[in-house]
């Protein structure tokens with residue numbers, strides 16, 4: 023009996039902590055904020071790296087969007103990574119510098135970015151900016167994040183916006199759009215409002231050259247951006263969030279594209295929690311590294327659907343345990359956890375969810391969470407462990 027009580031208490035505490043982190047970030051993110059940019063130094067010389075694998079159908083728009091914001095001193099480098107199409111030749115015809123990489127064993131964005139950085143080392147820039155091959159930039163994006171990274175000496179993350187086709191918005195996709203906005207907009211805004219760093223998000227990342235020139239960014243991590251941000255924070259260079267400018271990509275509309283993207287992102291996130299977060303939390307406490315502690319706690323918040331599933335399961339188990347004559351302490355902790363999660367969801371919906379979800383549809387969150395059980399079962403069984411490119415709608 024005592025062992026079961028201890029296990030339930032530990033499970034309740036393990037879910038209460040990320041719930042409290044989530045509600046704190048959401049509440050802070052709902053507050054108004056605006057920090058004007060004031061730059062005093064010389065203009066940074068930037069190099070934009072675009073890792074591109076078989077992106078012939080869409081690379082033109084990305085190259086055009088980037089080139090419009092470059093000065094004569096800047097560079098645009100497209101890394102045609104294991105391409106079997108005309109990605110490289112199309113980018114080169116539009117004025118981009120192109121290098122080709124062929125390595126079928128080591129595949130993924132991290133390897134492509136590391137390859138591009140080695141290429142740039144001959145004539146290094148002040149700042150490297152990573153932009154995905156399917157993104158378009160808001161006006162002034164490259165200058166804003168590049169200059170802030172240059173003058174602060176820390177990585178800077180632009181607002182990573184994902185557009186959903188409202189004409190093809192199913193209930194499940196509406197909840198997914200809501201979850202994206204919570205993760206990519208509300209939570210990092212809350213961290214910035216609290217004077218805290220944010221996670222890197224894979225695209226729209228400005229990295230000072232001195233932080234990447236000697237670092238091996240090539241890895242087999244599925245969530246390489248998340249791991250990079252944690253590593254930078256560990257070394258004393260925690261990333262900053264810059265919501266004033268954005269990079270925008272289109273969420274896939276096909277079932278295949280959605281499934282591939284969802285599996286890669288959530289597997290990468292959960293793998294990072296398992297492999298890195300506990301150790302980094304201990305390192306942060308040991309070395310009194312508050313930025314690292316903040317980002318490790320933020321990374322420990324699981325995907326929203328999984329978190330809701332676990333909290334619901336905890337509520338049922340602790341209630342059954344109490345009715346069977348067990349201690350009420352786990353049930354009390356479960357109730358606090360539910361209250362925190364419910365508050366976070368309510369505030370988040372009021373701030374960023376109205377566009378996609380009607381108030382009554384928020385009651386369907388458990389249904390959305392249950393729909394992802396097969397994905398989490400695959401992750402648990404280790405069936406999604408390698409990088410797979412997301413298929414574009416136009417292909």
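Residue numbers (this note's numbering): 23 to 417.
C-beta atoms are modelled at their ideal positions from N, C-alpha and C, and glycine is treated no differently.
Computed from a predicted model, the values in this text were never measured in an experiment.
- Here residue 333 is buried: its Cβ has 16 or more other Cβ atoms, across all protein chains shown, within 10 Å.
- Residue environment: residue 78 is assigned as buried (16 or more neighbouring CB atoms within 10 Å of its CB, all protein chains considered).
- Annotation for residue 108: 78 place their beta carbon closer than 7 Å to its own, counting only its chain and skipping 5 residues before and after.
- Short of 6 Å from the beta carbon of residue 359, and not among the five residues preceding or following it, lie these beta carbons of its own chain, in chain order: 37, 38, 41 and 333.
- In the three-state DSSP reduction, residue 27 falls in the helix class (H, G or I).
- Residue environment: residue 224 is assigned as buried (16 or more neighbouring CB atoms within 10 Å of its CB, all protein chains considered).
- Going by DSSP, residue 170 is part of the alpha helix (DSSP H) stretching over 163-174.
- A contact between stretches requires three or more CB pairs, one per stretch, nearer than 8 Å, and the region 41-56 fails this requirement with the region 128-143.
- Within the same chain, 66, 68, 149, 151 and 228 come within 7 Å of residue 168 by CB-CB distance, once the 5 residues on both sides are set aside.
- Between the region 179-187 and the region 208-224 there are three or more C-beta pairs closer than 8 Å, enough to call the two in contact.
- Residue 60 sits in coil when the DSSP states are folded into three classes, being neither helix nor strand.
- Each residue's CA atom was taken as its position, placing residue 269 and residue 249 some 20 Å apart.
- Its chain contains 201 as the residues whose beta carbon lies nearer than 6 Å to that of residue 326, once the 5 sequence neighbours on both sides are disregarded; these appear in chain order.
- Secondary structure at residue 40: helix, using DSSP grouped into helix, strand and coil.
- With contacts defined as CB atoms closer than 8 Å, residue 211 and residue 263 qualify as a contacting pair.
- Judged by DSSP in its simplified three-state form, residue 182 adopts strand.
- The beta strand (DSSP E) runs of length 3 or more contained entirely in the region 45-131 are, from start to end of the chain, 68-74, 97-103 and 119-123.
- Under the three-state reduction of DSSP, residue 310 is assigned to coil, being neither helix nor strand.
- Assigned with DSSP and collapsed to three states, residue 228 falls in strand.
- About 5 Å separates the Cβ atoms of residue 48 and residue 366, confirming a contact at the 8 Å cut-off.
- Restricted to the region 301-359, the alpha helix (DSSP H) segments that are unbroken, complete and at least 4 residues in length are 312-321 and 326-345, listed in chain order.
- Looking only at 271, 183 and 236, the smallest Cα-Cα distance to residue 257 is reached by 236.
- Rounded to the nearest angstrom, the Cβ distance from residue 159 to residue 92 is 11 Å, too far for a contact under 8 Å.
- Its chain contains 270, 271, 272 and 273 as the residues whose beta carbon lies nearer than 8 Å to that of residue 185, once the 5 sequence neighbours on both sides are disregarded; these appear in chain order.
- Residue 151 carries a strand assignment under DSSP once its states are collapsed to helix, strand and coil.
- Residue 161 and residue 53 have their C-alpha atoms some 25 Å from each other.
- Here the alpha carbon of residue 335 sits roughly 10 Å from the alpha carbon of residue 341.
- Cβ-Cβ distances below 6 Å link residue 313 to 219, 255 and 260 in the same chain, with the five nearest sequence neighbours on each side left out; the list follows chain order.
- For the pair residue 98 and residue 122, the CB atoms are not nearer than the 8 Å cut-off.
- For residue 272, the enclosing beta strand (DSSP E) begins and ends at 262-272.
- Within 10 angstroms of the beta-carbon of residue 64 lie fewer than 16 other beta-carbons, which makes it exposed.
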